[in-house]
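Engineer:
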């Protein structure tokens, strides 16, 4: 009968090494899971971009097109019926301390809003300022509450004649007023639930003034953006007729 070899090989404890390596790997794995769960979004995006440079572009597209992204509408007062629209918008204007730059008028089946151009734009720019975006986002949210009652939202862009005697360059004048109206309309379209076919931008240039061109103060009144929001069953009027109705009421 053969005797078993004793000692000499040293291989009897190899399973302990393998077991220890496995436990170490499992520990590292759980530490990694924990670190990912507590990693903030910014750092995680940086890690992903280090492996995939296209991730930055994809994340930007997602941010711009995400329909569920929350709007900054703090302080907005909901309007549940078209007749409440004026009061809700007026409350937003009061809260933002914009009474000197924004005028509101409530008529039969419509609400008319006039923004001085400095609420949205700098100088001759057609790029909406951040402060203007904040105001528009709040207005768009309020209008969404009565979306089923809205017939149309007209966005009207106006400039002024810079010289009391010499008319503006027609191309520059028309383009600026149209671009401003289009920018405001596009922003409202992105932030409201009113269907896009009801949002209509129009640029009038210097040709619908509300004051003479003789003084800087009067010229400032002419540089404006107007929103005309009409109710679904309202009788349609021309812009001049709306101006006349508002003037008769305020006189």
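In this note's numbering, the protein residues as written are 16 to 266.
Even glycine gets a Cβ: it sits at the ideal position worked out from N, Cα and C.
Give the single residue among 43, 130, 104, 178 whose Cα lies nearest to the Cα of residue 227.
Structural biologist: As a first step, residue 227 must be located in the chain shown, where it is residue number 212. Checked all of 43, 130, 104, 178; the closest Cα to residue 227 is 178.
Engineer: Hey, is the segment 102-109 in contact with the segment 149-165, meaning 3+ C-beta pairs nearer than 8 Å?
Structural biologist: Taking 8 Å as the limit for Cβ pairs, the verdict is that the segment 149-165 does touch the segment 102-109.
Engineer: Among 149, 153, 122, 121, which has the Cα closest to the Cα of residue 267?
Structural biologist: The question about residue 267 has no answer, for the chain in this structure spans 16 to 266.
Engineer: Can you look up residue 147 in the DSSP assignment and give me helix, strand or coil?
Structural biologist: To locate residue 147, count along the chain shown from 1; it is residue 132. Residue 147 falls in the helix class under three-state DSSP.
Engineer: Quick check: the segment 161-171 against the segment 230-246, are there 3 or more CB pairs under 8 Å?
Structural biologist: Touching, yes.
Engineer: If we count the other Cβ atoms within 10 Å of its Cβ and call it buried at 16 or more, is residue 246 buried or exposed?
Structural biologist: In the chain shown, residue 246 corresponds to position 231, counting from 1. By the neighbour-count rule (16 or more Cβ atoms within 10 Å), residue 246 is buried.
Engineer: Under the rule that 16 or more other beta-carbon atoms within 10 Å means buried, what is residue 181, buried or exposed?
Structural biologist: Within the chain shown, the letter at position 166 stands for residue 181. Flag for residue 181 reads exposed.
Engineer: Tell me the residue span of the beta strand (DSSP E) that contains residue 190.
Structural biologist: Taking the chain shown and counting its residues from 1, one reaches residue 190 at position 175. Careful: residue 190 lies outside any beta strand (DSSP E), inside the alpha helix (DSSP H) at 185-206.
Engineer: Apart from the five residues just before and just after residue 261, which ones in its own chain have a Cβ nearer than 8 Å to its Cβ?
Structural biologist: On the chain shown, position 246 is the one that residue 261 refers to. Cβ within range, chain order: 120, 122, 127.
Engineer: Grab the span of the alpha helix (DSSP H) containing residue 263 for me, first residue to last.
Structural biologist: Reading the chain shown from its first residue, position 248 is the one you call residue 263. Per DSSP, residue 263 belongs to the alpha helix (DSSP H) from 254-265.
Engineer: So what does DSSP say about residue 220, is it helix, strand or coil?
Structural biologist: Looking up residue 220 in the chain shown gives position 205. Coil at residue 220, not helix or strand.
Engineer: Note down, in chain order, each residue of its chain lying with its Cβ closer than 8 Å to the Cβ of residue 217, except the 5 sequence neighbours on either side.
Structural biologist: Taking the first residue of the chain shown as position 1, residue 217 is located at position 202. Excluding positions up to five away in sequence, the list reads 169, 170, 171, 172, 193, 196.
Engineer: If you reduce the DSSP assignment to three classes, tell me which class residue 134 lands in.
Structural biologist: One-based indexing of the chain shown puts residue 134 at position 119. It is helical.
Engineer: Let me know if residue 257 comes out buried or exposed under the rule of 16 or more other beta-carbons within 10 Å of its beta-carbon.
Structural biologist: Here the question's residue 257 lines up with position 242 in the chain shown. Under this definition residue 257 is a buried residue.
Engineer: Given a threshold of 16 other Cβ atoms within 10 Å of its Cβ, counted over all protein chains shown, does residue 175 qualify as buried or as exposed?
Structural biologist: In the chain shown, residue 175 corresponds to position 160, counting from 1. By the neighbour-count rule (16 or more Cβ atoms within 10 Å), residue 175 is buried.
Engineer: Tell me the DSSP bridge mates of residue 324?
Structural biologist: Limits of the chain in this structure are 16 at one end and 266 at the other, which puts residue 324 out of reach.
Engineer: Starting from residue 232, trace the beta strand (DSSP E) in both directions and tell me its first and last residue.
Structural biologist: Working through the chain shown from its first residue, we reach residue 232 at position 217. Element bounds for residue 232: not the beta strand (DSSP E) but the alpha helix (DSSP H), 231-237.
Engineer: Distance check for residue 124 and residue 165, CA to CA, integer angstroms please.
Structural biologist: The residue you call residue 165 lines up with position 150 of the chain shown. The residue you call residue 124 lines up with position 109 of the chain shown. So the two alpha carbons sit approximately 10 Å from each other.
Engineer: Taking the C-alpha atoms as reference points, what is the distance between residue 184 and residue 96?
Structural biologist: In the chain shown, residue 184 corresponds to position 169, counting from 1. In the chain shown, residue 96 corresponds to position 81, counting from 1. Rounded to whole angstroms, residue 184 to residue 96 spans 43 Å at the Cα level.
Engineer: For residue 224, collect the residues of the same chain with a Cβ closer than 6 Å to its Cβ; drop the 5 residues on either side in sequence, then sort them by chain order.
Structural biologist: In the chain shown, residue 224 corresponds to position 209, counting from 1. Closer than 6 Å at Cβ, skipping near neighbours: 237.
Engineer: Just mark residue 163 as buried or exposed, buried being the case when its beta carbon has 16 or more other beta carbons within 10 Å.
Structural biologist: Within the chain shown, residue 163 is the residue found at index 148, counting from 1. Label assigned to residue 163: exposed.
Engineer: Starting from residue 108 and walking both ways along the alpha helix (DSSP H), at which residues does that stretch end?
Structural biologist: Translated into the one-based positions of the chain shown, residue 108 becomes position 93. 100-110 is the span of the alpha helix (DSSP H), which, as asked, contains residue 108.
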